[in-house]
Amino acid sequence: MEENKLKGIAGQLLTIIPLFKKKLMKPVGGMIHGGLKPSEFFVLVLLCENDGFTMTELANKLEISKTNLTPMVDKLIECNYIRRFRDDKDRRIIRVEICNDGKKLLDDHRRIFEDLLTEKLASLSEEDLNELSQSIEKFQHIVMKL
């Protein structure tokens, strides 16, 4: 495919995230993080999607230093959302994993966000909803090939 067309598609993709954020995320604002900073909330998401991390792995995933990660982890431990423990095989390694309270927080926020999205979608016509659903399915199918 020609370079200009590829760049055009790349540009279109780059507009999706800000548009999604502006139209769908911004209206729910602070309700999503429940008093947590977005970076702390993202730590919970990462830990939930994976089977825990070492502190070094988590810092690398977030592209921050362990020094900057430690206060986030401390706050999440204090809230009982995650736990920190030494690795069974190598006591020098410190691991973190999500706790049940952290999973519950993410589940609650997912439900809240889903309800808010449902409200927003209710303003669309049946035709728009069908078109959006088909477009999302196609988008997911194609992106999975990348």
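In numbering that gives the first Met the number 0, the protein residues as written are 0 to 145. Note that CB positions come from ideal geometry on N, CA and C, so glycine has one too.
> In whole angstroms, what separates the C-alpha of L23 from that of D50?
Replying inline: Each residue's alpha carbon lies about 29 Å from the other.
> When you compare each of I76, K88, L18 to F40 by their alpha carbons, which one comes out closest?
Replying inline: Its Cα nearest to that of F40, the residue I76 stands out among I76, K88, L18.
>> Residues in the same chain with beta-carbon distance under 7 Å from R110, minus the five sequence neighbours each way, listed in chain order, please.
In response: Scanning its chain for C-beta atoms nearer than 7 Å, with the 5 sequence neighbours on each side dropped, one finds no residue around R110.
> How close, in whole Å, do the beta carbons of I81 and I97 come, if the pair is a contact with beta carbons under 8 Å?
Replying inline: Right, their Cβ atoms sit about 5 Å apart.
> How big is the Cα-Cα spacing for R85 and T14?
Replying inline: Each residue's Cα considered, the two are about 43 Å apart.
>> Which complete alpha helix (DSSP H) runs does the segment 18-87 hold, if anything under 4 residues is left out?
In response: The qualifying runs are 37-48, 54-61, 65-77.
>> Which residue marks the beginning of the beta strand (DSSP E) containing I97, and which one marks its end?
In response: In this chain, the beta strand (DSSP E) harbouring I97 covers 93-97.
>> Does R90 come out as helix, strand or coil in the three-state DSSP assignment?
In response: Collapsing the DSSP output to three states places R90 in coil.
>> Could you compute how far the alpha carbon of L46 sits from the alpha carbon of D89?
In response: Going by the C-alpha atoms only, they are around 20 Å apart.
> If you run the structure through DSSP and keep just helix, strand and coil, what is S124?
Replying inline: DSSP places S124 outside both helix and strand once states are collapsed to three, so it counts as coil.
>> Report the CB separation of G101 from L35 in whole angstroms; it is logged as a contact under 8 Å.
In response: Contact flag wrong, Cβ pair sits at about 10 Å.
> Per DSSP, what kind of secondary structure is L145 in: helix, strand or coil?
Replying inline: L145: coil per DSSP, three-state reduction.
> Would you report the Cα separation of D73 and K6, rounded to the nearest angstrom?
Replying inline: Take the alpha-carbon of D73 and the one of K6: they are about 43 Å apart.
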